[in-house]
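If you're matching positions, the sequence shown starts at 4 in the numbering used here and goes up one per residue.
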Amino acid sequence: MKKIILLLFAFSLLSCGSYNSINSFYNAHKNDPQVTAIQVPQYLLSLLRHSSGEMNSFMGNVRDIRYIQLSPQTDIEANRISNEINSLVSKNFVDVYRKNNDDIRTLISLREKKDVVKEIIIYKNGAKSNSVFYLNGNFNPQQVRKYVDEGKFDNLTNSVFQQMNINPEVKEKEDKN
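Right, here's the structure in full:
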């Protein structure tokens, strides 16, 4: 009986821990109305690595890239998404960049393990759209810092989408007009 209770307790802890992951966020929202959701397959990751020298040096050890653009219909829905992202990055992530301008908010947050950056989340929200760009791999912290300082994450996301021959930022650009 004690073993069963212990197993149930351990299972409940594991299930609660995985609730606040990018995977659960992505799966919870990928079927929402007016959503663009992209998960880059492994064969495309290898093509991205070899598209340029700089791309190869940054993307050399990437295991997962996901992108999701949400179009909340109400302020309540937009706040709920923002709160979900805040909850996600408040556990084991460090905010390395946060910029709040009027209706536009940008957040770059990362999770480290010892001296390696393991996950990077880039969250942007505007008046009518929210986007999350997620990278999982082994990244050099100095190179990540350089990308943050020089604003290269926008170029990185654009390069990824160009290589995939897609343009998910159309809605976001329309919002700025």
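The beta-carbon is built from N, C-alpha and C at its ideal position, and this holds for glycine as well.
Per DSSP, the bridge partner or partners of residue i
i	result
residue 115	120
residue 73	133
residue 127	109 and 134
residue 65	140
Between the CA atoms of residue j and residue i - distance to the nearest angstrom
i	j	result
residue 165	residue 106	27 Å
residue 74	residue 29	14 Å
residue 50	residue 139	17 Å
residue 95	residue 123	12 Å
residue 143	residue 98	16 Å
residue 162	residue 104	25 Å
residue 79	residue 39	20 Å
residue 76	residue 121	33 Å
residue 156	residue 150	6 Å
residue 134	residue 47	21 Å
Residue range of the unbroken beta strand (DSSP E) whose run includes residue i
i	result
residue 98	97 to 104
residue 145	Segment 144 to 152 is the alpha helix (DSSP H) holding residue 145; no beta strand (DSSP E) there.
residue 42	39 to 42
Proximity to residue i [Cα-Cα], best of the options
i	options	result
residue 128	88, 147 and 146	88
residue 152	25, 133, 102 and 108	102
Where the alpha helix (DSSP H) through residue i begins and ends
i	result
residue 78	78 to 93
residue 27	25 to 32
The ligand NAD heavy atom lying under 7 Å from the CB of residue i
i	result
residue 146	This structure does not include the ligand NAD; it has no bound ligands of any sort.
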